[in-house]
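Enquirer: Using the numbering used here, you'd call the opening residue of the sequence shown number 316 and step up by one each time.
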Amino acid sequence: MSASLQGRVALVTGASRGLGAAIAVKLGECGASVVVNYYKSREKAQAVASRIEQAGGHAATLEADVRDEEQVKSLVAKTRTLFGPVDILVPNASGPQPFLSIERQSWQAYLDQLEFFVKSPLLLVRETVAEMKQRRSGRIIQIGSEVFELGNPEFANYVAAKGAQLGMTRSWARELAPFGITVNLVAPGWIPTERHAGTKPEDLAAYAAQVPMRRQGTAEDVAEAVAYLASDAAGFITGQKLSVNGGHTLE
């Protein structure tokens with residue numbers, strides 16, 4: 316991906332590891348000034364920022380629980396002070412994602428997922444969208460999942476939240492399109508990251524065997540898709556779900 320993001324300010328939440336870290340690094344490589352948001356993993360976030368700076372980019376780390384309204388306001392204000400208004404917003408933060416049978420599921424289990432995939436993006440967009448409207452440009456890129464198409468069993472708490480996230484993305488896209496702001500969602504397949512440490516090799520192999528490209532994706536595959544949607548080349552693409560899963564789902 317060679318598209319230039321020079322002069323753009325990117326805020327990536329949950330960027331201390333996994334997909335968020337890869338996305339932050341890629342946006343930095345493309346020239347954006349990147350705020351690496353984290354909740355508890357300060358050292359990991361600083362390592363991500365260091366990678367960006369060592370490659371010649373600009374980065375800073377900011378701690379915030381992006382489920383908390385006041386902390387989100389502070390996060391965006393500090394980003395503005397460091398680099399300027401947010402041009403590229405990537406709400407990526409997530410938490411534990413337990414598999415639960417229907418008998419074990421509770422309303423709280425659903426709310427826990429909605430906090431990350433509906434409430435947090437809402438808080439972040441509310442704090443950044445006014446300045447995007449003023450500039451008549453902006454990129455909002457959500458990180459979804461293929462699970463909404465697959466309907467994974469014992470995972471309805473997560474699947475339902477991802478479905479709500481996609482619906483929100485589409486509605487925002489129509490509302491913000493007249494202001495030159497695009498809103499899209501990148502939907503990865505199962506991308507092994509730190510959270511999957513300890514997964515049995517046979518489980519990874521079984522998933523890969525179902526993927527037409529016969530492999531699992533990487534965090535860098537997802538980051539490339541985000542960088543494209545953040546670029547000028549994607550200026551006429553909005554309200555879309557871009558699946559990054561080697562053809563595991565077809566729509």
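Using N, Cα and C, we set each Cβ at its ideal position, and we do this for glycine too.
With DSSP collapsed to three states, give me the class of residue 486.
Expert: It is helical.
Enquirer: Can the beta-carbon of residue 363 be found less than 8 Å from the beta-carbon of residue 379?
Expert: Not in contact: residue 363 and residue 379 (Cβ atoms no closer than 8 Å).
Enquirer: Apart from the five residues just before and just after residue 398, which ones in its own chain have a Cβ nearer than 8 Å to its Cβ?
Expert: Closer than 8 Å at Cβ, skipping near neighbours: 324, 348, 350, 373 and 375.
Enquirer: Reducing DSSP to helix, strand and coil, say where residue 518 ends up.
Expert: DSSP places residue 518 in helix when its eight states are reduced to three.
Enquirer: For residue 422, does the count of other Cβ atoms within 10 angstroms reach 16, so buried, or fall short, so exposed?
Expert: So residue 422 counts as exposed.
Enquirer: Name the two residues that bound the continuous alpha helix (DSSP H) containing residue 502.
Expert: Unbroken run through residue 502 is the beta strand (DSSP E), 496 to 503; no alpha helix (DSSP H).
Enquirer: Contact defined as beta carbons within less than 8 Å: I believe residue 489 pairs with residue 554. What is the distance between those atoms, to the nearest angstrom?
Expert: About 6 Å; that satisfies the 8 Å criterion.
Enquirer: Using a Cβ-Cβ cut-off of 6 Å (strictly less than) and excluding sequence neighbours within five positions of residue 504, which residues of its own chain qualify?
Expert: Closer than 6 Å at the Cβ level, and outside the excluded window around residue 504, lie 461, 532, 560 and 563.
Enquirer: When DSSP labels each residue in this structure, what does residue 453 get in the three-state scheme?
Expert: The answer is strand: DSSP assigns residue 453 an E or B state.
Enquirer: Kindly give me the distance between the Cβ atoms of residue 485 and residue 544, rounded to whole angstroms, as I take these residues to be in contact under 8 Å.
Expert: About 15 Å; that fails the 8 Å criterion.
Enquirer: Say whether the segment 468 to 484 touches the segment 510 to 524, bearing in mind that this needs 3 or more beta-carbon pairs closer than 8 Å, one atom from each stretch.
Expert: Too few Cβ pairs lie closer than 8 Å, so no.
Enquirer: Measure how close the beta-carbons of residue 443 and residue 381 come, nearest whole angstrom, since I'm counting them as under 8 Å.
Expert: In fact, because the Cβ distance is near 12 Å, the residues do not count as touching under 8 Å.
Enquirer: Exposed or buried, residue 367, counting other C-beta atoms within 10 Å across all chains shown (16 or more means buried)?
Expert: Looking at its Cβ environment, which holds 16 or more other Cβ atoms inside 10 Å, residue 367 is buried.
Enquirer: Give the single residue among 495, 556, 322 and 336 whose Cα lies nearest to the Cα of residue 482.
Expert: The shortest Cα separation from residue 482 among 495, 556, 322 and 336 belongs to 556.
Enquirer: My output table needs one value for residue 558: the three-state DSSP class, helix, strand or coil.
Expert: Strand, per DSSP.
Enquirer: Bridge partners of residue 537, per DSSP?
Expert: Per DSSP, none; premise fails for residue 537.
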